[in-house]
């Protein structure tokens, strides 16, 4: 009722729409076209039309691409379990206390404030073979130095800071959702004899299901396009490309190897995977919530 005349709204919406068209959608569709042509470098024009050769190469002929895809999918599962799961647990605990809640909110949210590059550098110093904090602790207790980014440990060492950084982000979102649950619902449940875990399982979780679906969707899309922390901690997927994710592998192929058409194909695969997986998981969780 406040806006009977819609024309002023369109005037304000038009600049942001134009900005998105120029800065987001135009490059995206250019990437789609580039993925079907051979492009030798960032400054080279499109040359030969090669069709779906880049996509065939990604799924069939590139072993490192398979590692990057597997790492991204594994990270997606880990983010849902550890980031969203741990954030839910912490939010439930903080929501149940009265004194000190503000302190814990600040402490758990603080990693989000720190730059991902700074966190990556910090963990790189932790993992350093000579003089790294972890090896200093190990040698202080009489052990031998460990190569933390070796073949069998590299993925775990990269996953730890990635999972740790965004727990606070989902913690704040879930805590906000918990604050919206009416107290009289809990009081009614207590009168009916529901206490402890029963209140959490039958009241709290169903009432914040929309929040959990949102967090899960964000975690999935974030895991698919992860780039900054792995690129700082393990440059070029070291060792042997075992810590490559789709985002880091796309960067290496596009800007280091100058294989622009292949990098464009990887970027399209990232977008498609993110949309399909997030929508699929969101619908599954919504159906389960409706069934409940």
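Residue numbers (the numbering used here): 8 to 299. Note that CB positions come from ideal geometry on N, CA and C, so glycine has one too. These figures come from a predicted structure and were not determined experimentally.
Residue i to residue j span [Cα, whole Å]
i           : j           : result
residue 40  : residue 240 : 33 angstroms
residue 21  : residue 32  : 15 angstroms
residue 219 : residue 77  : 25 angstroms
residue 133 : residue 238 : 16 angstroms
residue 71  : residue 251 : 8 angstroms
residue 113 : residue 178 : 11 angstroms
residue 12  : residue 19  : 13 angstroms
residue 48  : residue 243 : 19 angstroms
residue 150 : residue 189 : 54 angstroms
residue 60  : residue 91  : 38 angstroms
residue 196 : residue 214 : 13 angstroms
residue 291 : residue 255 : 29 angstroms
residue 375 : residue 203 : Outside the shown range of the chain (8 to 299) lies residue 375, about which nothing can therefore be said.
residue 281 : residue 201 : 39 angstroms
residue 53  : residue 28  : 22 angstroms
residue 138 : residue 107 : 37 angstroms
residue 119 : residue 126 : 10 angstroms
residue 104 : residue 110 : 11 angstroms
residue 34  : residue 148 : 54 angstroms
residue 279 : residue 23  : 24 angstroms
residue 276 : residue 69  : 14 angstroms
Own chain, CB closer than 7 angstroms to residue i, minus 5 neighbours either side, in chain order
i           : result
residue 85  : 166, 170
residue 249 : 74, 158, 161, 162
residue 124 : 235, 239
residue 152 : 136, 142, 145, 146
residue 154 : 136
residue 272 : 42, 61, 62, 65
residue 156 : 134, 164, 241, 245, 246
Residues sharing a beta bridge with residue i, DSSP
i          : result
residue 44 : 56
Contact under 8 angstroms by Cβ, residue i with residue j
i           : j           : result
residue 233 : residue 284 : no
residue 130 : residue 168 : yes
residue 274 : residue 38  : yes
residue 44  : residue 55  : yes
residue 102 : residue 212 : no
residue 98  : residue 198 : no
residue 223 : residue 87  : yes
residue 79  : residue 230 : yes
Other residues of its chain near residue i: CB distance less than 6 angstroms, five sequence neighbours each side excluded
i           : result
residue 96  : none
residue 260 : 266, 269, 270
residue 173 : 90
residue 94  : 174, 177, 178, 181
Same chain, Cβ closer than 8 angstroms to residue i, five either side skipped, listed in chain order
i           : result
residue 82  : 166, 169, 230, 233, 252
residue 206 : 193, 196, 197
residue 210 : 188, 192, 193, 196, 201
Practice task
Would you mind listing the alpha helix (DSSP H) stretches within the segment 200-234 that are 4+ residues and don't spill past its ends, in chain order?
Solution key: 216-231
Problem - 4-residue-minimum alpha helix (DSSP H) runs that sit fully inside the segment 131-191, ordered along the chain - result: 140-147, 161-172, 174-186
Problem - Secondary structure, alpha helix (DSSP H): runs of 4+ residues fully inside the segment 77-114 - result: 92-102
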